[in-house]
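For reference, the structure is listed below as structure tokens.
In our numbering, the protein residues as written are 1 to 266.
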């Protein structure tokens with residue numbers, strides 16, 4: 001799981017059970033496996049893939065007809081590889097998503113669709129180039145409610161650095177109780193840097209603990225910092241709105257403004 005402000009580093013997926021049809025060559029088989037592995041890597045943080053995927057290799061527009069949804073399915077996962085860089089539009093049952101697609105780099109998106117009847121996913125390349133597309137039903141894991149303490153941290157409409165660190169500690173404690181102790185925290189304020197064991201992601205413990213103890217506080221702290229960074233950078237002639245939060249912080253460090261622009265570390 002990769003965060004923006006609280007950075008979680010997880011190892012790469014080492015394997016996946018992929019079933020498909022109409023594989024024409026070893027190269028295509030490798031590409032299909034890579035698409036399935038990319039989909040599983042993204043989905044496993046909050047759900048699980050269901051049933052056998054469908055694959056299509058086409059120029060311009062690919063259509064993937066999936067069978068009726070397996071029990072428990074909630075939506076669709078679509079993994080794409082383009083043979084020319086560009087944008088691709090994936091759509092099903094009136095729901096569309098535009099995806100940036102790159103050569104040799106799978107792109108994954110998730111689409112809501114009526115569950116039950118057979119569905120056809122349409123994937124169209126804006127430039128009409130070749131697309132290798134992969135689609136599967138998936139099931140989302142239930143998202144646990146935030147703990148009473150996390151709700152209390154948010155009740156006054158702001159999150160302090162102390163509340164952010166305390167929420168992270170509760171998250172790490174939840175993970176340890178579930179049998180997945182976190183690696184030691186590294187880095188420097190205003191964020192914590194941590195590593196999530198792959199097994200915790202696969203088992204769903206990370207998603208449960210993160211949602212219950214840390215997710216909303218984490219997002220609120222990131223939002224607070226980003227707003228302050230943009231304002232402070234603008235006062236010094238830098239358009240921070242176009243930068244990621246990591247780039248904003250790097251620019252503040254370069255200008256020697258990090259401590260002046262960040263909120264007090266209360």
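We treat Cβ as the ideally placed atom computed from N, Cα and C, and that holds for glycine.
- Taken atom to atom, the span from the alpha-carbon of residue 213 to that of residue 111 is near 28 angstroms.
- Apart from the 5 residues on each side of it in sequence, residue 143 sits with its Cβ closer than 7 angstroms to the Cβ of 211 in its chain, given in chain order.
- No Cβ-Cβ contact shorter than 7 angstroms links residue 64 with residue 172.
- Residue 124 is a Cβ neighbour of residue 89, given a cutoff of 7 angstroms.
- Counting along the chain, residue 64 sits inside the beta strand (DSSP E) bounded by residues 61 to 66.
- For the stretch 209 to 257, the continuous alpha helix (DSSP H) assignments of 4+ residues that do not extend past its boundaries occur at 215 to 235, 245 to 255, in sequence order.
- Comparing C-alpha distances from residue 193 to each of 42, 168, 130 shows the shortest one belongs to 168.
- About 4 angstroms separates the Cβ atoms of residue 180 and residue 200, confirming a contact at the 8 angstroms cut-off.
- DSSP places residue 194 in the strand class (E or B) of the three-state scheme.
- Excluding the 5 residues flanking it on each side, residue 139 has same chain C-beta neighbours closer than 7 angstroms at 47, 48, 50, 72, 73, 74, in chain order.
- Taking 7 angstroms as the cut-off, the Cβ atoms of residue 222 and residue 150 do not count as close.
- Within the stretch 101 to 163, the alpha helix (DSSP H) runs of at least 4 residues that lie entirely inside it are, in chain order, 148 to 154.
- Here the C-alpha atom of residue 242 lies approximately 13 angstroms from the C-alpha atom of residue 249.
- Collapsing the DSSP output to three states places residue 57 in a strand.
- The C-alpha of residue 260 is placed about 12 angstroms away from the C-alpha of residue 235.
- In this structure, DSSP gives residue 26 a helical state, which the three-state scheme calls helix.
- Here residue 135 is near residue 54, since their CB atoms are less than 7 angstroms apart.
- Apart from the 5 residues on each side of it in sequence, residue 69 sits with its Cβ closer than 7 angstroms to the Cβ of 115, 116, 137 in its chain, given in chain order.
- Its chain contains 86, 87, 88, 89 as the residues whose beta carbon lies nearer than 8 angstroms to that of residue 126, once the 5 sequence neighbours on both sides are disregarded; these appear in chain order.
- In the DSSP annotation of this structure, the continuous segment of the beta strand (DSSP E) that includes residue 89 starts and ends at 86 to 92.
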